[in-house]
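**Student:** For the sequence shown, my numbering assigns the number 3 to the initial residue and increments by one for each residue that follows.
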Amino acid sequence: MTRGPRIVAELGRPETPEETADRKAESSRVYRSSQNVRNLVAALLATLAVVVVVIFAVPRGTPPAREPIDVAAVAESIAASEERTVITPEMSDGWVVNNAGIEGNGSVRAFTVVYAPAAEDERGFLRVAQGFDADEAWAARVLSGSAPQDTVTIDGVTWDRYDLDPDRTGNITVALATDAGTDTVLIYGAAGEMALEETARSVTDQITALREEAE
């Protein structure tokens, strides 16, 4: 017995050849669209897997701690190359050395040591600079043209004392300056009076020695 054309429930009659072709084309389109979505999801998952591998599989070590700077050794080397006496500040354990070396300001070269608080939650810094054969205006140039307010005597050494505006001087709030023979020693930064005086005391004997050398 020959079976007649299939009646489509939605139409209530058999499909025409054109309707059959349209239905198959739509089914193909839907299928291809679903495959594209699946392929996209698969690609995203593959990319995510690669990222996870990179994050967790690549070895990650803590950077090695920076070697501490031996101020005395640096000063000795510079003293030998400059053929002159170079001061060696000695700070308490509350400070660490960030840098030590020769810096220039105009025509004056200076051996400069930069200190920072050892505690990570503390702020501030101190610089000790020995200006070689510095002229009288060197300290003022370093301190953005500032002039001393008064003098203070620490361990028998008289220092010019500065109270500074950090907005003008680049965060420098205090400074001390004194002659050391033909050189000038300048201590400056953002720190309290106790730290400033401690630093000055650490170079008292060396300043006295430089003055005696110049006589």
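Ideal Cβ positions, reconstructed from N, Cα and C, are used throughout, including at glycine.
What you are looking at is a predicted structure, and each value in this text was computed from that prediction instead of being measured.
What are the complete beta strand (DSSP E) segments, minimum 3 residues, inside the segment 115 to 164?
**Tutor:** Correct list: 127 to 133 and 152 to 156.
**Student:** So, helix, strand or coil for Ala193, using DSSP?
**Tutor:** In the structure shown, Ala193 sits in coil (DSSP, three-state: anything other than H, G, I, E or B).
**Student:** Residues in its own chain within less than 6 Å of Ala216 by CB, not counting five upstream and five downstream?
**Tutor:** Excluding residues within five positions, the ones whose Cβ falls inside 6 Å are Gly183 and Thr184.
**Student:** Rounded to a whole number of angstroms, what is the C-alpha to C-alpha distance between Gly191 and Arg143?
**Tutor:** Cα to Cα, the separation comes out at about 15 Å.
**Student:** Inspect the beta-carbon positions of Gly133 and Val99 and report whether they are closer than 8 Å.
**Tutor:** No; because the gap between Cβ atoms is not below 8 Å, this pair is not in contact.
**Student:** Distance, Cα to Cα, Asp95 vs Leu46?
**Tutor:** The straight-line gap from Cα to Cα measures roughly 54 Å.
**Student:** Pair every Cβ in the segment 73 to 92 with every Cβ in the segment 198 to 217, then say whether three or more of these pairs are closer than 8 Å.
**Tutor:** The segment 73 to 92 vs the segment 198 to 217: in contact.
**Student:** Roughly how many angstroms separate the alpha carbons of Thr18 and Ala48, rounded to a whole number?
**Tutor:** When rounded, the distance between both Cα atoms is 45 Å.
**Student:** Alpha carbon to alpha carbon, how far is Ile156 from Val116?
**Tutor:** Answer to the nearest angstrom: the Cα atoms are 21 Å apart.
**Student:** Is the beta carbon of Leu188 less than 8 Å from the beta carbon of Val176?
**Tutor:** It is not a contact, given that the beta carbons lie outside the stated cut-off.
**Student:** Can you check which of these residues, Val73, Ala139 and Trp97, is closest to Arg125 by C-alpha distance?
**Tutor:** Considering only alpha carbons, the answer is Trp97.
**Student:** Opposite Asp185 in the DSSP bridges: which residues?
**Tutor:** Partner(s): Ala182.
**Student:** Could you tell me if Leu128 is buried or exposed, where buried requires 16 or more neighbouring beta carbons within 10 angstroms of its beta carbon?
**Tutor:** Per the 10 Å Cβ criterion, buried.
**Student:** Determine the closest residue to Thr210 out of Ala77, Gly158, Gly172 and Val154, with distance taken between C-alpha atoms.
**Tutor:** Ranking the options by Cα distance to Thr210, first place goes to Gly158.
**Student:** Scan the segment 66 to 99 and note each continuous alpha helix (DSSP H) run of 4 residues or more that stays entirely inside, going in chain order.
**Tutor:** Segments of the alpha helix (DSSP H) lying fully in the segment 66 to 99: 73 to 84.
**Student:** Measuring alpha carbon to alpha carbon, tell me which of Ala193, Asp135 and Asp152 ends up nearest Arg86.
**Tutor:** Selected option, being the one with the closest Cα: Asp135.
**Student:** Quick one: measure Cβ to Cβ for Ala112 and Glu105, integer angstroms, because I've assumed they're closer than 8 Å.
**Tutor:** With a Cβ gap of about 5 Å, Ala112 and Glu105 count as contacting.
**Student:** If you drop the 5 nearest sequence neighbours on each side, which residues of the same chain put their C-beta closer than 7 Å to that of Val73?
**Tutor:** Only Thr90, Pro91, Val99, Ala102 and Val115 meet the Cβ criterion.
**Student:** Spatial neighbours of Asp152 within its chain, please: C-beta separation below 7 Å, excluding the five flanking residues on both sides.
**Tutor:** Hits under 7 Å: Arg163.
**Student:** Exposed or buried, which one is Ala139 when buried takes at least 16 other CB atoms within 10 Å?
**Tutor:** Ala139 should be labelled exposed.
**Student:** Counting C-beta neighbours from all protein chains within 10 Å, is the total for Glu200 16 or more, i.e. buried, or is it exposed?
**Tutor:** Answer is buried; the Cβ neighbour count reaches 16.
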